[in-house]
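Going letter by letter, the sequence shown gives residues 1 to 272 in the UniProt record's numbering.
Backbone N, C-alpha and C fix where the C-beta goes; we use that ideal spot for every residue, glycine too.
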Amino acid sequence: MRVPEITALFWAIKILTTGMGETLSDFLGTHGSDILNAAAILLVFGAVFAVQFRVRRYIPAVYWACVAMVSVLGTVVADVAHAVVGIPYIATSVFFAVAVAVILALWHRNTGSLDVHTITARAPELYYWATVMATFALGTALGDLTASSLHLGYLASTILFAVVIVIPLIAWRRGASPVLTFWAAYVVTRPLGASAADWMADPTSKSGVGWGTGPVTSAWLAAIVVLVAIVAVGQRRSTNTEPAEAGSAREPADLDRATKPDVMTRVPGHRS
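And the structure:
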C-alpha cells in the first residue's frame, strides 16, 4: 500500500502538518521575496512528489513530506484566491467543496473504489493526492471564513472545529460510510490545526498567544519529525517481525510446499 494505515498517529501528524503549513506560509509571506518563496515552494513540492511517485511502498518520511508541502501550497492557493484575486471566503469554500466532490466522483467512476486502503496503483494514488490538495484548500478557506468573516477568532474557531471533527467519528462508529466519514474528518483537520497554530502565532493584540509564526512553525515541525520517526521505527519493527511470525506458524506440510517455486508468489499489496 502506498499510503499509511489510518491510526491515531495518522490523525495527530495530519493536524500538525496543517498548522505547520499555515504558519510557514504566513512566515514566508512576511519574510523574503514573494517570487523566490513561491519558486522555492514549487521546487520542493515537485521534488518530494517526484520521490513519492518513484517509491513502490509507503515510506513515512516521504509521504508526510508530501502532505506538509501540500499544506503549504494549499494555504498559498487559498490565500491568493482571497487576498489577491479578491474572492470572498464563502465563495472559495463553496468552490473547493465542489472541487473535492468532483474529484471523488471521478475517482470512484474511474477506479470503482474510494477506499484509501486499496491504493496500490498509480491512478488511485493520483486521485488521492488531488483530493488531499483540494481538501487542504477547502479547510483553509473554512478556517478563514469562521475566524475572519464570521469574526469568531482563532481560539473560538479551534474549539469549534475540535467539536466538529468528533461528528464523523461518532457517525463512523454508528455505521456511516467509512469513506464519507474519513474525508469529512480529513477536511476538518485543516481548519482545526491551522486555527490552533494561528492562535499560537498571532500577537496578543489580536487575541493570540503571541509566539510568532517562526517559533510556532519550528515547534510544530519538530513534533512532526518526532511522530514520523516513531511511525517509521514501528513500521521497521513490524516488517522485521513478520517473516519470523509467518514462519513459526507453518505446519511441516507447508514448509515442504514452500520450497516449490510455483507457490512462492507475493500477495498483492503486501508490504515488503
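Item to check | Distance between beta carbons of residue 89 and residue 156, contact taken as under 8 Å | outcome: Contact doesn't hold; Cβ gap of about 16 Å is too wide.
Checklist entry - Among 101, 74 and 120, which residue has its Cα nearest to the Cα of residue 133? => result 74
Item to check | Per-residue burial, residue 117 [other beta carbons within 10 Å of its own, 16 or more giving buried] | outcome: exposed
Next on the checklist: Taking the alpha-carbon of residue 56 as reference, which of 119, 182 and 229 has the nearest alpha-carbon?
Outcome noted: 119
Item to check | Beta carbon of residue 162 nearer than 9 Å to that of residue 23 | outcome: no
Item to check | Residues near residue 16 in its chain [Cβ-Cβ closer than 6 Å; skip 5 each side] | outcome: 220, 223 and 224
Item to check | Of the residues 143, 182, 151 and 240, the one placed nearest residue 166, counting alpha carbons only | outcome: 182
Checklist entry - Within 10 angstroms of its Cβ, does residue 202 collect 16 or more other Cβ (buried), or is it exposed? => result buried
Next on the checklist: With a threshold of 9 Å between beta-carbons, can residue 158 be considered close to chain C, or not?
Outcome noted: The question asks about chain C, but that chain is absent: this structure has only one protein chain.
Next on the checklist: Going by DSSP in three states, residue 154 sits in which element: helix, strand or coil?
Outcome noted: helix
Item to check | Top-ranked residue by Cα proximity to residue 217, from 20, 12 and 98 | outcome: 20
Checklist entry - Which whole-angstrom value is the C-beta distance of residue 25 and residue 72, which I expect to be below 8 Å? => result 5 Å
Checklist entry - Got a sec? Which residues, its chain only, sit under 7 Å from residue 52 by beta carbon, not counting five neighbours each side? => result 62, 63 and 66
Item to check | For residue 176, three-class secondary structure by DSSP | outcome: coil
Item to check | Straight-line gap, residue 104 to residue 179 (C-alpha atoms, nearest Å) | outcome: 10 Å
Item to check | From 97, 152 and 229, residue whose alpha carbon lies closest to that of residue 188 | outcome: 97
Next on the checklist: Looking at residue 83: is its Cβ nearer than 9 Å to the Cβ of residue 143?
Outcome noted: no
Item to check | Per-residue DSSP class, three states only, for residue 234 | outcome: helix
Item to check | For residue 2, three-class secondary structure by DSSP | outcome: coil
Next on the checklist: So, for residue 191: in the same chain, excluding its five sequence neighbours on each side, which residues have a beta-carbon less than 6 Å away from its beta-carbon?
Outcome noted: 139, 142, 143 and 161
Checklist entry - Would you report the Cα separation of residue 114 and residue 146, rounded to the nearest angstrom? => result 29 Å
Next on the checklist: For a minimum of 4 consecutive residues, which ranges assigned as the alpha helix (DSSP H) are wholly contained in the region 16 to 94?
Outcome noted: 34 to 54 and 60 to 79
Item to check | Inter-residue CB distance, residue 199 and residue 158 (contact presumed, cutoff 8 Å) | outcome: 6 Å
Checklist entry - So residue 281 is in the alpha helix (DSSP H); what residue range does that whole segment cover? => result As displayed, the chain neither begins before 1 nor continues past 272, which places residue 281 out of reach and without an answer.
Checklist entry - By DSSP, does residue 191 sit in helix, in strand, or in coil? => result helix
Checklist entry - How about residue 76 and residue 38: are their beta carbons less than 9 Å apart? => result yes
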